[in-house]
Amino acid sequence: MTPRSAETPSLWRRILYLWVAYLKGQLLVALLIGLLTWVVSAGIGLEGAAVMGALAGVFEGIPGLGPLVAMVPAVAMALWKGSSVIPVSNWAFTLIVIGAYAAVQQIGNLVIQPRVLSERLQLPPLLVLVAVIAGASVAGVAGAYLAVPLLATLREILRALVLRR
Numbered sequence: 027m028t029p030r031s032a033e034t035p036s037l038w039r040r041i042l043y044l045w046v047a048y049l050k051g052q053l054l055v056a057l058l059i060g061l062l063t064w065v066v067s068a069g070i071g072l073e074g075a076a077v078m079g080a081l082a083g084v085f086e087g088i089p090g091l092g093p094l095v096a097m098v099p100a101v102a103m104a105l106w107k108g109s110s111v112i113p114v115s116n117w118a119f120t121l122i123v124i125g126a127y128a129a130v131q132q133i134g135n136l137v138i139q140p141r142v143l144s145e146r147l148q149l150p151p152l153l154v155l156v157a158v159i160a161g162a163s164v165a166g167v168a169g170a171y172l173a174v175p176l177l178a179t180l181r182e183i184l185r186a187l188v189l190r191r
């Protein structure tokens with residue numbers, strides 16, 4: 027397929043659609059992580075759970091460091107105030123908060139993100155997960171973030187080449 031092919035504008039539109047769908051999917055992932063963080067934080071008695079959930083959702087968009095940055099105020103609040111529902115020391119509660127945030131991130135990375143992005147980009151969830159892991163191993167955080175839309179783009183280009191024959 028040459029750049030002057032009659033199919034090129036249609037292919038570019040499909041690729042643009044995929045990248046927009048990917049960005050919308052990432053926004054949905056951030057929203058779901060924020061909601062899950064809020065529910066878990068409230069469940070363990072962390073003060074300011076709604077704010078912590080909002081911070082987790084906002085910082086989810088920063089690959090790699092975002093979840094750690096979102097956890098800092100939660101850890102500070104746990105050390106300062108403790109839990110309103112679990113009768114443990116503030117230090118023990120801080121460890122609970124760290125564990126809860128780690129669990130939310132694992133659920134986000136292994137369940138929420140693959141399912142949301144696979145639905146948005148019509149890719150199998152396992153392929154999304156493998157693409158993120160492969161992208162991270164090849165190009166770090168940027169590779170993890172860009173692997174899925176690049177895979178979907180490659181699929182569209184290959185489809186266009188196969189259909190052209």
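27 is the number of the first residue of the sequence shown in our numbering; add one for each residue after it. Glycine included, every Cβ here is placed at the ideal spot set by N, Cα and C. Bear in mind the structure is a predicted one, so any value in this text is a computation, not a measurement.
With 16 or more other CB atoms across the displayed protein chains lying within 10 angstroms of its CB, A75 is buried. With contact defined as three or more Cβ pairs closer than 8 angstroms, the segment 104-115 and the segment 53-61 are not in contact. By the neighbour-count definition (other C-beta atoms within 10 Å, threshold 16), A168 is an exposed residue. Three or more Cβ pairs drawn from the segment 149-157 and the segment 174-191 lie within less than 8 angstroms of each other, which places the two stretches in contact. With a cutoff of 7 angstroms on beta-carbon distance, F85 and A96 are scored as near each other.
For G169, the enclosing alpha helix (DSSP H) stretches over residues P151 to R190. Here Q52 has G87 as same chain residues with Cβ atoms under 7 angstroms from its own Cβ, once five neighbours each way along the sequence are excluded. DSSP places L91 in the coil class of the three-state scheme, outside both helix and strand. A direct Cα-to-Cα measurement between V55 and I124 gives close to 20 angstroms.
When the five nearest sequence neighbours on each side are left out, the beta carbons in the same chain lying within less than 7 angstroms of the beta carbon of I41 are those of T179 and E182, in order along the chain.
By the criterion of a C-beta distance shorter than 8 angstroms, Y171 is surrounded in its chain by P89 and G161, once the five residues flanking it on both sides are discounted. Inside the segment 30-84, DSSP marks whole alpha helix (DSSP H) runs of 4 or more residues at positions 34-70, from first to last along the chain.
No beta strand (DSSP E) of 3 residues or more sits fully in the segment 95-157.
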